[in-house]
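Only one structure is covered here, and it is reproduced in the block below.
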Amino acid sequence: MEFVLQTIANGLLAGALYGLVALGLGLLMGVMKFLNIAHGTFIILGGYLSFWLFNLWGIDPFLSIPLVMIAMFLIGLVFYRLALSPLLKLPDVGMRIDTSMLITFGLIWVLDNAMTMLWTPNVRTILTSYTGETFRFFGARFSFTGLCGVGIAVLVGLALYSVLSRTYFGKHLRAATQDAEAASLCGVNVQRVYLISTGIAIALAGVAGAVIVSSYSISASGGIGWLLIAFVVMVLAGEGNINAIIPAGLVYGLLEAGSVLIFGVPYRQAIALLVFVLVLMFKPQGLFAKRE
Amino acid sequence: MLPDWKRLLVIGLLVLAFMAAPMVIEIGTGSLNLLIMVFIFVILSQSWNIIGGYTGQINLGLAAFFGCGVLVTHFVWKAEMPIYLAVIAGGLSAVVLAGIIGLPTLRLKGAYFAIGTFALAEVCRIVVGNIFERMIEMPGSYAASYSLIPRYYLGLTVAFAAIAVTYFITRSKLGLGMVAVRDSEQAAQVTGVNSFKYKVYALLISAFLAGLGGGVYAFMRLSFHYVTAVFSPIWTFEPLMAAVIGGSGTLIGPVIGSIFLVVLSEIFALTLGEAHLIIFGLLFILVVMYFPYGLVGSVSRIRQIISRVGRGLCETGENCRKGF
Amino acid sequence: MLQISNIDVYYGDIQALWDVSLRIGDGEIVAVLGSNGAGKSTVMKSISGLLKVRAGHIDFGNIRLDGLPAHHIVELGISMVPEGRRIFPQMSVLENLEVGASTNAARKTRQNTLEWIYEFFTPLKLRAKQKAGTLSGGEQQMLAIGRALMSVPKVLLIDEMSLGLSPIVVQELSGVIQGINKLRKLAVLLVEQDIELALSMASRGYIMENGRIVDQGDAKLMLCNPRIKETYLGIGAEEKAG
Ligand SMILES: Nc1ncnc2c1ncn2[C@@H]1O[C@H](COP(=O)(O)OP(=O)(O)OP(=O)(O)O)[C@@H](O)[C@H]1O
Ligand SMILES: [Mg+2]
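Note that the protein sequences, when read in sequence, are chains W, R and G. Numbering follows the working numbering, with no gaps: position 7 of the first sequence is 102. Numbering follows the working numbering, with no gaps: position 308 of the second sequence is 1151. Numbering follows the working numbering, with no gaps: position 10 of the third sequence is 293.
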């Protein structure tokens, strides 16, 4: 019983993080129709930034999140200018998705190897004074860093949702995605809106990386694993359904926990991925799609 | 375009030259290894080309077919089956795997097919990693009689077979169907009922080739410290790169891309170390963005611009397509 | 106020407009007529900045418009209702209108503008929360016009307002446009297939054929001149009789 509760607790902690991991990918793909395969790699980059801020200047990983976000936001701007903005010329959205997939795929190569060269292939993690501290609720242990991760995930998810639905910027972004030409006729500067959104998406990847390096660990080539998780969560949420991403992350975390209980730890990810492919096939609009 | 008989002659001469080469001149171990890797890359990138280049389905699960071919060939060969049968068994096992992976995922469209195949290949990697916890290797007797020459000939044969298969497919009704699937999906038209059939055939053939490629690799490398390494996404990504850089959706694009990638990475690896992979990544991005027809396509385009009559190198010029 | 002088416009390498000149005065309604493919929409897109002008120029007061990006031109006070409406189907009616008020100036007066637009187009007020994609054709056209008006333009370009709408709805919409034109001194450039409608609303008309302006004049005179319809617009005498 103890074990079951603990597994579910772990699933929830991991699940919130999974949701956080998927937010940036969901924003780029679901809203802007750019498929960023290098998303996981940007997450790792964010993790490294957080790691070095802690190691060199001793800045607490949770306090340094704003700094990481700003740095990643700027990186996102460069990324958009160089790699994504030329794709707006492509005649249709399908080609935009395919080509952005290939370009960011090349980017993985560049960034992965650059990070390996800069920071060695070693696994890195942040050890603070509170690492390993836990709380007990209902017979299960929750780690302090994990709980912080949950808090951040929920906070960031809500913030993104309200930016998209409430602000002028969010409305411009959605309008531009539905019909870029019509949006520009309304006075929307489509290029600038896309530029800033890409910055936000990459900043979100940075937050995820910072949380990961404080509760788990990162390595230069670990991006692909996180990319896959981000994909899964995005598909479970339903493409474009930003506000369902954090819940979908929790579902995926619990799914993993369930497969640990039934099949044991080694098959944790395999089972969850299988379920994902089934969802992809039979409910491609996602688990959280609203019926119209 | 060259007339068919001339083209056959050129290819025949090339085959002969490759066949004779190890007998006529002394090729060092390093160069032989390099050539065998080129062959394996030709096989794999041609495999990717059939499903990704001609049919337009971006398959990110190639590594699973390759890995499956490696494992099955390894064990069948260990069971004292002749190597050429073992390699074929590897190819067939990949076809079976493609049936299991492909039939469901081929119903997915565009990027989702890519994601689905990627996820399933990862599932394969994890499962295999759990089953084979220790390294696998051939008995010592195999290592004692090890020579690179037979590996060279096997690789050569399979590589030319892969090119030939691609050639005949593109000239058949099946090839036309595949290209039609790709173009109609790109134009977002409603596709006919048969598009699924063409996708399945393309995937099965592609998987067969990838499995054969795995077989050649199993023949070349007798032991595998980490079995999961042959299921690593690298085995998807590098052939994909070779195909796209060379020019996917063309016959010789992947061949040129493979030579380019393998040989250059050898040269760069010596002089630049890790940095050479960064250069490849950048090169790949540039090709996708500015030379959507790959090296081959841009050569033929430049030629066309120069002469306007352009007997394009780009084999099936009309098939060159943006991105793939 | 808005002056197009001798423009040539291309789609890629294909020329679509030759030496087109056109003028819209303050508070004036001007109609551009022509058969399918004559280049009417191309003129509209050139003004609003969606297409580049290769030769000639477009001036708005003393500001040169050609070469400016589309969103900048909206800011200067020229707003377009594109062919086929192009509303944002996944957003609510209100959100569509809000996006219409994207420019800095328009944002400040947004609430005000919204009120008078709702007065003219009451169905929009009733359906403010509804997804725009679920509106009827007539309501979508109202929304498209309303959205364009949200930026408080001085010139409104309307491309094929009547397309696919019932005569009653067209009557209603054209009444509203004439009303706004009078009340708010809004200049309007109308592109229409429905010649009678356009000429009856407009004070002047231009006729296009194969990418060129082939005739122009007073709308009332053109309306009475049967030759115009026959020669330029492909409408035979028998059709008129029927
Ligand atoms: N995107 C485009 N690419 C290439 N040619 C185009 C494009 N859009 C229009 N054209 C061509 O430009 C010419 C003028 O087209 P335009 O849309 O301006 O005509 P129109 O007068 O608005 O016709 P309609 O009444 O059917 O709307 C046509 O010959 C058309 O084929
Ligand atoms: Mg038109």
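Glycine included, C-beta positions come from ideal geometry on N, C-alpha and C.
Let's test the definition: count the other Cβ atoms within 10 Å of the Cβ of residue i and tell me whether it reaches 16, buried, or not, exposed.
i: H1068(R); result: exposed
i: P925(R); result: exposed
i: R510(G); result: exposed
i: A520(G); result: With a pLDDT of 44 at A520(G), under the threshold of 50, the predicted position of this residue should be treated as unreliable, though the coordinate-derived value follows. Answer is exposed; the Cβ neighbour count stays below 16.
i: Y113(W); result: buried
i: A388(G); result: exposed
i: T325(G); result: buried
i: E475(G); result: buried
i: E381(G); result: buried
i: W920(R); result: buried
i: E1161(R); result: Per-residue confidence for E1161(R) stands at a pLDDT of 40, beneath the threshold of 50, marking its modelled position as unreliable; no derived number is given.
i: G536(G); result: This structure does not reach residue 536(G), given that chain G is present from 284 up to 525, and the question cannot be answered.
i: G934(R); result: buried
i: N399(W); result: The structure shown does not extend to residue 399(W), since chain W is modelled only from 96 through 387, so no value can be given for it.
i: G234(W); result: exposed
i: A248(W); result: buried
i: M124(W); result: buried
i: D847(R); result: exposed
i: P181(W); result: exposed
i: Q364(W); result: buried
Determine the contact status of residue i and residue j, defining contact as a CB-CB distance below 8 Å.
i: K904(R); j: S1091(R); result: The sequence given here has Gly at residue 904(R), not Lys. No, they are not a contact pair.
i: I330(G); j: L440(G); result: yes
i: I340(W); j: G121(W); result: yes
i: G494(G); j: L300(G); result: yes
i: I1088(R); j: L1138(R); result: yes
i: L1129(R); j: V205(W); result: no
i: T1009(R); j: Q900(R); result: no
i: L108(W); j: F232(W); result: no
i: D274(W); j: R347(G); result: no
i: D302(G); j: D309(G); result: no
i: G171(W); j: A332(W); result: no
i: S159(W); j: F168(W); result: no
i: L345(W); j: A111(W); result: yes
Check your understanding: Using 8 Å as the threshold, is the segment 206-224 of chain W in touch with the segment 305-316 of chain W, meaning 3 or more CB pairs across them?
Key -> Short answer: they touch.
Practice item. Taking 8 Å as the threshold, find out whether the segment 373-389 of chain G comes into contact with the segment 425-437 of chain G through three or more Cβ pairs. Key: The segment 373-389 of chain G, when compared against the segment 425-437 of chain G, does touch it at the 8 Å Cβ threshold.
Point to revise | chain W contacts made by the segment 944-961 of chain R, where a contact means CB separation under 8 Å | key: So the list reads P947, T948, R950, L951, G953, A954, Y955, A957, I958, G959 and F961, given in the order they occur along the chain.
Point to revise | Contacting positions in the segment 352-365 of chain G - beta carbon closer than 9 Å to chain W | key: From the segment 352-365 of chain G, only P352, A353, H354, H355, I356, V357, E358, S362, M363, V364 and P365 have a Cβ closer than 9 Å to chain W.
Check your understanding: Which residues, in chain order, does the segment 318-340 of chain W contribute to contact with chain R at a C-beta distance below 8 Å?
Key -> If the cut-off is 8 Å between Cβ atoms, the segment 318-340 of chain W has I319, L323, F326, V327 and V330 near chain R.
Exercise for review: Count the CB pairs spanning the segment 446-457 of chain G and the segment 407-418 of chain G that are closer than 8 Å, and state whether there are at least three.
Suggested key: The segment 446-457 of chain G makes no contact with the segment 407-418 of chain G, as fewer than three CB pairs between them are under 8 Å.
Review point. When you check each C-beta in the segment 966-989 of chain R against every C-beta of chain W, which residues fall closer than 7 Å?
Key: Going along the segment 966-989 of chain R in chain order, one finds V966, I969, V970 and N973 with a Cβ nearer than 7 Å to chain W.
Point to revise | Runs of alpha helix (DSSP H) wholly within the segment 369-425 of chain G (minimum 4 residues, chain order) | key: Taking only runs of at least 4 residues, the alpha helix (DSSP H) segments lying wholly in the segment 369-425 of chain G are 376-383, 387-391, 393-403 and 405-409.
Exercise for review: May I ask you to verify whether the segment 1115-1125 of chain R touches the segment 1015-1022 of chain R, counting CB pairs closer than 8 Å and requiring at least 3?
Suggested key: Fewer than three beta-carbon pairs drawn from the segment 1115-1125 of chain R and the segment 1015-1022 of chain R are found closer than 8 Å, and the two stretches are therefore not classed as touching.
Practice item. With a floor of 3 residues, list each beta strand (DSSP E) that falls wholly inside the segment 419-501 of chain G, ordered by position along the chain. Key: With a minimum length of 3 residues, the continuous beta strand (DSSP E) runs that stay inside the segment 419-501 of chain G are 438-442, 470-475, 487-492 and 495-501.
Review point. With contact counted as at least three CB pairs below 8 Å, one residue from each stretch, are the segment 1051-1062 of chain R and the segment 907-914 of chain R in contact?
Key: Below 8 Å, enough C-beta pairs join the segment 1051-1062 of chain R and the segment 907-914 of chain R to call them touching: three or more.
Practice item. Could you list the residues in the segment 264-287 of chain W with a C-beta less than 8 Å from some C-beta on chain G, going in chain order? Key: Result list: K266, H267, R269, A270, Q273, D274, E276, A277, A278, S279, L280, C281, G282, V283, N284 and V285.
Check your understanding: Contact between the segment 985-999 of chain R and the segment 866-876 of chain R: three or more CB pairs below 8 Å?
Key -> For the pair of segments examined, the segment 985-999 of chain R was found to touch the segment 866-876 of chain R: the number of CB pairs separated by less than 8 Å reaches three.
Review point. Closer than 9 Å, Cβ to any Cβ of chain W: which residues of the segment 1073-1097 of chain R, in chain order?
Key: For the segment 1073-1097 of chain R, the set of positions with a beta-carbon nearer than 9 Å to some beta-carbon of chain W reads P1076, F1080, L1083, M1084 and V1087 in chain order.
Review point. Between the segment 1067-1086 of chain R and the segment 926-942 of chain R, are three or more C-beta pairs nearer than 8 Å?
Key: Contact fails: fewer than three Cβ-Cβ distances are below 8 Å.
**Study point:** the segment 960-979 of chain R in contact with the segment 848-857 of chain R per 3-pair CB rule at 8 Å
**Key:** No, because fewer than three Cβ pairs between the segment 960-979 of chain R and the segment 848-857 of chain R fall closer than 8 Å, the two stretches do not touch.
Practice item. Would you check if there are 3 or more beta carbon pairs closer than 8 Å linking the segment 310-321 of chain G to the segment 464-473 of chain G? Key: Counting C-beta pairs with one atom in each stretch, the segment 310-321 of chain G and the segment 464-473 of chain G have three or more that are closer than 8 Å, which means they touch.
Check your understanding: Just by C-beta distance, which residues in the segment 418-443 of chain G are closer than 7 Å to chain W?
Key -> Against chain W - using a Cβ distance shorter than 7 Å - the residues of the segment 418-443 of chain G are R430 and S434.
**Study point:** Near-chain W residues of the segment 1127-1141 of chain R (beta-carbon distance less than 7 Å), N- to C-terminal order
**Key:** If the cut-off is 7 Å between Cβ atoms, the segment 1127-1141 of chain R has F1127, I1128, V1131 and M1132 near chain W.
Check your understanding: Which full runs of the alpha helix (DSSP H) of 4+ residues lie inside the segment 243-285 of chain W, going along the chain?
Key -> Inside the segment 243-285 of chain W, DSSP marks whole alpha helix (DSSP H) runs of 4 or more residues at positions 263-273 and 275-280, from first to last along the chain.
Point to revise | Under 7 Å (Cβ pairs) to chain W, residues found in the segment 403-414 of chain G | key: Within the segment 403-414 of chain G, no residue qualifies.
Check your understanding: Between the segment 357-374 of chain W and the segment 319-335 of chain W, are three or more C-beta pairs nearer than 8 Å?
Key -> Short answer: they touch.
Check your understanding: In chain order, what residues of the segment 1101-1130 of chain R put their CB closer than 9 Å to some CB of chain W?
Key -> Answer set for the segment 1101-1130 of chain R: G1116, E1117, A1118, H1119, L1120, I1121, I1122, F1123, G1124, L1125, L1126, F1127, I1128, L1129 and V1130.
Point to revise | At least 3 beta-carbon pairs within less than 8 Å: the segment 283-301 of chain W vs the segment 170-177 of chain W | key: Taking 8 Å as the limit for Cβ pairs, the verdict is that the segment 170-177 of chain W does touch the segment 283-301 of chain W.
Practice item. Can you give me, in chain order, the residues of the segment 208-225 of chain W that have a beta carbon less than 7 Å from any beta carbon in chain R? Key: Within the segment 208-225 of chain W, those residues whose Cβ lies closer than 7 Å to any Cβ of chain R are, in chain order, N208, A209, T211 and M212.
Check your understanding: Of all the residues that make up the segment 365-385 of chain W, which are near chain R by a beta-carbon distance shorter than 8 Å?
Key -> Cβ contacts with chain R come from A365, L368, L369, F371, V372, L375, M376 and P379.
Review point. Would the segment 264-279 of chain W and the segment 99-106 of chain W be scored as touching if the rule is three or more Cβ pairs under 8 Å?
Key: Under the three-pair Cβ rule at 8 Å, the segment 264-279 of chain W does not count as touching the segment 99-106 of chain W.
Practice item. Using a Cβ-Cβ cut-off of less than 8 Å, list which residues of the segment 889-921 of chain R approach chain W; keep chain order. Key: Correct list: I901.
Review point. Just by C-beta distance, which residues in the segment 120-147 of chain W are closer than 7 Å to chain R?
Key: When CB distances to chain R are screened at a threshold of 7 Å, the residues of the segment 120-147 of chain W falling below it are L130, in chain order.
Point to revise | Proximal residues, the segment 368-383 of chain G versus chain W, C-beta separation under 7 Å | key: Residues of the segment 368-383 of chain G with a C-beta less than 7 Å from any C-beta of chain W: R369, F371, P372, Q373, M374, E378, E381, V382 and G383, listed in chain order.
**Study point:** Complete runs of the alpha helix (DSSP H) confined to the segment 315-381 of chain W [at least 4 residues]
**Key:** Complete alpha helix (DSSP H) runs here, min 4: 318-332, 340-358 and 363-377.
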